[in-house]
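Asker:
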Amino acid sequence: MASTITKKIKAKISGLKLGYMNTAVTGLVTELMEIRSYMKNDVRGEVFSFVLVDDSAEMRVSVFGKDLRSIWEVCNTSDAVRIAGGMVKTSDPRYNSTNNPMEVSLSVDSKGSIYRSNEVPTVSERACNYTGISDLQNVRLQENVDVLGAIDTLQPPEEVMTKAGKRINVAKVIIVDQSCRSVSCTFWGSSSDQAVNWSVGDILSIRRAKVQEYAGAVVLGCTCSEVRRNSDDTEVTTLTDWYTNAKQSDTEFQPLGAPCPSGAVGGSSDQRGNNRRVVMQLPASHESFRDVDEIVLDFGEGIKMRVFIVHKLYRLVPSGESQTRVNTNRLEYAGG
7 MASTITKKIK
17 AKISGLKLGY
27 MNTAVTGLVT
37 ELMEIRSYMK
47 NDVRGEVFSF
57 VLVDDSAEMR
67 VSVFGKDLRS
77 IWEVCNTSDA
87 VRIAGGMVKT
97 SDPRYNSTNN
107 PMEVSLSVDS
117 KGSIYRSNEV
127 PTVSERACNY
137 TGISDLQNVR
147 LQENVDVLGA
157 IDTLQPPEEV
167 MTKAGKRINV
177 AKVIIVDQSC
187 RSVSCTFWGS
197 SSDQAVNWSV
207 GDILSIRRAK
217 VQEYAGAVVL
227 GCTCSEVRRN
237 SDDTEVTTLT
247 DWYTNAKQSD
257 TEFQPLGAPC
267 PSGAVGGSSD
277 QRGNNRRVVM
287 QLPASHESFR
297 DVDEIVLDFG
307 EGIKMRVFIV
317 HKLYRLVPSG
327 ESQTRVNTNR
337 LEYAGG
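Using my numbering, count along the sequence shown one by one with no gaps and you end on 342.
Structural data, given as structure tokens:
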């Protein structure tokens with residue numbers, strides 16, 4: 007359901023609780039994604055998502071239905087929308103670009119509704135909490151970070167074919183900072199369009215980049231970013247001066263190695279001589295791994311451990327003569 011409505015904002019995003027939305031929420035539409043089709047129980051459906059923002063918080067909203075084109079157009083052409091009738095649930099970190107641990111799932115074929123709103127909330131820009139490039143190795147996979155760096159390499163948008171056979175634009179940049187480390191940043195789809203206005207040496211501020219791993223290195227999946235050129239900004243001038251001097255002195259920038267293992271939530275490891283002991287603190291819900299069949303942890307020196315997921319239970323199969331211990335909440339590996 008989609009139309010225009012003018013009402014006072016009844017609730018803030020920060021006030022939403024898990025469960026059915028018993029009140030409407032109004033916010034700005036950002037990061038609107040294209041409609042995708044899917045099949046479930048031999049029934050075709052459509053889904054798209056966006057980030058709803060008000061002056062209290064931001065939240066991902068997923069919209070489901072049989073024909074969503076008119077509703078998507080409302081979101082695309084409106085500054086603000088009012089949503090109601092959705093379910094608030096724990097967000098999936100694979101898709102959530104916000105720092106909100108919850109998201110809204112809204113079915114417009116059921117009780118969900120989206121209206122164009124003339125009540126546009128005033129939203130002040132969220133201050134970025136930047137993570138240094140060298141510190142990205144300590145961030146778990148799929149977490150979101152804010153990063154500030156100088157563009158050292160720029161690949162303008164170009165069309166590529168995905169594994170699913172879909173054509174999509176992609177742009178890539180490599181940014182560096184005073185740690186003399188570099189990280190590759192990939193911008194997919196419509197987010198790649200902004201790269202045509204960038205140049206090497208520009209200071210790029212990236213919000214909510216998702217930490218990922220590719221070919222044994224840290225990479226960032228990005229959507230929300232901007233070039234900062236304010237000459238009165240101390241962070242910008244300091245980083246600009248450093249980059250200029252670094253290029254003049256032929257400084258080499260080292261790419262980051264692999265980040266923390268995926269799935270090792272709250273994990274820890276230690277090394278005593280040739281003996282290693284690794285503990286993986288598993289999430290409370292196995293649903294976090296519902297699309298994973300196997301996890302391989304590589305500890306170097308030929309030591310690997312495989313975790314197979316069978317009927318939503320965890321079974322350890324080490325690749326050497328090793329001792330394994332399993333209980334319902336922890337996986338421990340002791341080997342040499």
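Virtual Cβ for every residue (Gly too), placed ideally from N, Cα, C.
So, is Lys344 buried or exposed, given that buried needs 16 or more other C-beta atoms within 10 angstroms?
Answerer: No statement about residue 344 is possible, as the shown extent of the chain runs from 7 to 342 and does not include it.
Asker: Might you give, ordered along the chain, the residues of its own chain that have their beta carbon closer than 6 Å to the beta carbon of Leu58, omitting 5 neighbours on each side?
Answerer: Gly33, Met65 and Val67.
Asker: With DSSP as the reference, identify every bridge partner of Ala215, one or two as the case may be.
Answerer: In DSSP, Ala215 forms a bridge with Val151.
Asker: Taking a contact to mean a Cβ-Cβ separation below 7 Å, would you say Ser55 touches Ser20 in this structure?
Answerer: No. Outside cutoff.
Asker: For Arg122, count neighbouring Cβ atoms within 10 angstroms of its own Cβ and tell me buried if that reaches 16, exposed if not.
Answerer: Buried: at least 16 other Cβ atoms inside 10 Å.
Asker: On a CA-only basis, which of Gly71, Val35 and Ala90 is nearest Thr29? Give me that one, please.
Answerer: Per the Cα distances, Ala90.
Asker: For Gly25, tell me which candidate among Met45, Met108 and Arg50 has the shortest Cα-Cα distance.
Answerer: Per the Cα distances, Met108.
Asker: If you draw a straight line from the C-alpha of Ser103 to the C-alpha of Arg214, how long is it?
Answerer: Roughly 6 Å separates the two Cα atoms.
Asker: Express the C-alpha separation of Gly51 and Ser43 in angstroms, rounding to a whole number.
Answerer: Roughly 6 Å between the two C-alpha positions.
Asker: Give the C-beta separation of Val94 and Met27 to the nearest angstrom, bearing in mind that I take them to be a contact with Cβ-Cβ under 8 Å.
Answerer: Yes, Val94 and Met27 are in contact; Cβ-Cβ is about 6 Å, under 8 Å.
Asker: State the start and end residues of the unbroken alpha helix (DSSP H) segment that holds Arg75.
Answerer: Arg75 -> alpha helix (DSSP H) spans Arg75 to Thr83.
Asker: Under the rule that 16 or more other beta-carbon atoms within 10 Å means buried, what is Glu307, buried or exposed?
Answerer: Because the pLDDT of Glu307 is 49, which lies under 50, any placement of that residue in the model is unreliable, and the question is left without a value.
Asker: Is the beta carbon of Trp194 less than 7 Å from the beta carbon of Leu160?
Answerer: Cβ atoms of Trp194 and Leu160: not closer than 7 Å.
Asker: Which value, in whole angstroms, describes the spacing of the CA atoms of Gln143 and Ser185?
Answerer: Each residue's Cα considered, the two are about 13 Å apart.
Asker: Between Val110, Val151, Ser255 and Leu262, which has its C-alpha nearest Cys134's C-alpha?
Answerer: If we check each option's Cα against that of Cys134, Val151 comes out closest.
Asker: Within the chosen definition, does the region 243 to 251 reach the region 175 to 191 through at least 3 CB pairs nearer than 8 Å?
Answerer: Flag = yes, the region 243 to 251 and the region 175 to 191 touch.
Asker: Got a sec? Which residues, its chain only, sit under 7 Å from Glu37 by beta carbon, not counting five neighbours each side?
Answerer: The residues are Phe56, Val57, Ser103, Thr229 and Cys230.
Asker: How about Leu245 and Cys191: do their beta carbons lie closer than 7 Å?
Answerer: Against a cut-off of 7 Å, the Cβ pair of Cys191 and Leu245 comes out as no contact.
Asker: On the criterion of 16 or more Cβ atoms from any shown chain inside 10 Å, does Gln260 qualify as buried, or is it exposed?
Answerer: Exposed is the call here.
Asker: Apart from the five residues just before and just after Val176, which ones in its own chain have a Cβ nearer than 6 Å to its Cβ?
Answerer: Val166, Trp194 and Ser198, listed in sequence order.
Asker: Beta carbon of Gly71, beta carbon of Asp115: below 7 Å?
Answerer: Against a cut-off of 7 Å, the Cβ pair of Asp115 and Gly71 comes out as a contact.
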